[in-house]
DNA sequence: TATGAAATGTTCGAACT
DNA sequence: AGTTCGAACATTTCATA
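Chains as they are written, first to last, in our numbering: chain Z, 96 to 243; chain Y, 96 to 243.
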């Protein structure tokens, strides 16, 4: 149920909000060639239809002392349900995101830790908790994210 | 150069903004027990010190027709520099993020595509462009992200 | 260095056209 | 989709500790 198709103006508004999520309606209105009220109605509509799921602040985690980022691939025992996988991984506070995966492995976990010792400890915790039968960790040296 | 250490109030403000990046200063002020002006000054300071790198809108990409998410591990020829890796991967519009990795592989690429054919096409494009000597793709079936 | 209060200008939000 | 207008908000200034 797509509700409404988005037109080019909606996409323009999304781009503006992706670059600065606190941009005001008054600021965006002239950029898209509409009145303030029309901009607000479009953003409200995208919120209601679920296209916009929220707004958030972007943080430099390294400056908060979480300098190391890693991905760990997890293999689970054959009897483990997706629900269990998500539950056990999300219980670990260092885990930022969990992706369940098609194919020979079962989950890819994105985590942030303070240092190498901490990384070791979290991996051990993941291996110990539940039905994990194998892991492979990729330590992130650098990253680039599309500036939407 | 950390500039300033963050106190518990700053962390509280970050949590509030992570949950809703458009929350107003007037709304946050009573929650952290400060005046509106003090809250604004703290947020401004975290922006200036680089702890806060920006604000953005969160979008449901599936509703925009980019229903498939995948991670592709890339191996590059030994002579390839990190700069080249980031450049070639970021040139592909479907790529959302590139992580350079320690160890036997060289990069992990996060991508969003419309469908399986599109995924195949993007992988071929990555393999063709530059010095990629091997890939392994993990298709995402489901995901969970910490609701900071 | 950090704060609160007050003054000013801006933006929002809900009418209605 | 635009316009209007009272309320809410942001931002600057000033005084204080």
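Glycine is no exception: its CB is placed at the ideal position from the N, C-alpha and C atoms.
None of the values given here were measured: they were computed from a predicted structure.
Closer than 8 Å by beta-carbon distance: list the chain Y residues that pair up with residue i, in chain order.
i, result
"residue 53(Z)", "Since the displayed chain Z opens at 96 and closes at 243, residue 53(Z) lies outside it and no answer follows."
"residue 109(Z)", "152 and 154"
Please state whether DSSP places residue i in a helix, a strand or coil.
i, result
"residue 236(Z)", "strand"
"residue 195(Z)", "strand"
"residue 203(Y)", "strand"
"residue 101(Y)", "coil"
"residue 96(Y)", "Here residue 96(Y) scores only 43 on pLDDT, less than 50, and its place in the model should not be relied on; the value that follows carries that caveat. Three-state result, residue 96(Y): coil."
"residue 165(Y)", "strand"
"residue 146(Y)", "coil"
"residue 231(Y)", "strand"
"residue 170(Y)", "strand"
Listing by chain order, which chain Z residues have their CB less than 8 Å from the CB of residue i?
i, result
"residue 158(Y)", "97, 144, 145 and 146"
"residue 185(Y)", "239 and 241"
Below 9 Å on C-beta distance, what does residue i contact in chain Y?
i, result
"residue 113(Z)", "151, 152 and 154"
"residue 234(Z)", "196, 197 and 198"
"residue 221(Z)", "Result: empty, since nearest Cβ-Cβ is about 15 Å, beyond 9 Å."
When the distance is taken between beta carbons, is residue j closer than 7 Å to residue i?
i, j, result
"residue 191(Y)", "residue 207(Z)", "no"
"residue 152(Z)", "residue 112(Y)", "yes"
"residue 171(Z)", "residue 219(Z)", "no"
"residue 203(Y)", "residue 233(Z)", "yes"
"residue 137(Z)", "residue 105(Z)", "yes"
"residue 107(Y)", "residue 127(Y)", "yes"
"residue 146(Y)", "residue 155(Z)", "yes"
"residue 189(Z)", "residue 227(Z)", "no"
"residue 150(Z)", "residue 173(Z)", "no"
"residue 209(Y)", "residue 239(Y)", "no"
"residue 163(Z)", "residue 221(Z)", "no"
"residue 177(Z)", "residue 148(Z)", "no"
Please classify residue i as buried or exposed, where buried requires at least 16 other C-beta atoms within 10 Å of its C-beta.
i, result
"residue 205(Y)", "buried"
"residue 183(Y)", "buried"
"residue 167(Y)", "buried"
"residue 119(Y)", "exposed"
"residue 157(Z)", "exposed"
"residue 224(Z)", "exposed"
"residue 97(Z)", "Its pLDDT being 48, under 50, residue 97(Z) is placed unreliably in this model, and the value from its coordinates should be taken loosely. Classification for residue 97(Z): exposed."
"residue 180(Z)", "buried"
"residue 197(Y)", "exposed"
"residue 110(Y)", "exposed"
Which residues in chain Z have a C-beta closer than 7 Å to the C-beta of residue i? List them in chain order.
i, result
"residue 181(Y)", "239"
Is any heavy atom in the ligand ATP found nearer than 6 Å to the beta carbon of residue i?
i, result
"residue 205(Y)", "This structure does not include the ligand ATP; it has no bound ligands of any sort."
Exercise. Please list the residues of the stretch 187-213 of chain Y that have a C-beta atom closer than 9 Å to any C-beta atom in chain Z, keeping them in chain order.
Key: 188, 190, 191, 192, 193, 194, 195, 196, 197, 198, 200, 203 and 205
Exercise. Name, going along the chain, the residues of the stretch 113-133 of chain Z whose beta-carbon falls closer than 9 Å to a beta-carbon of chain Y.
Key: 113, 114, 115, 116, 117 and 118
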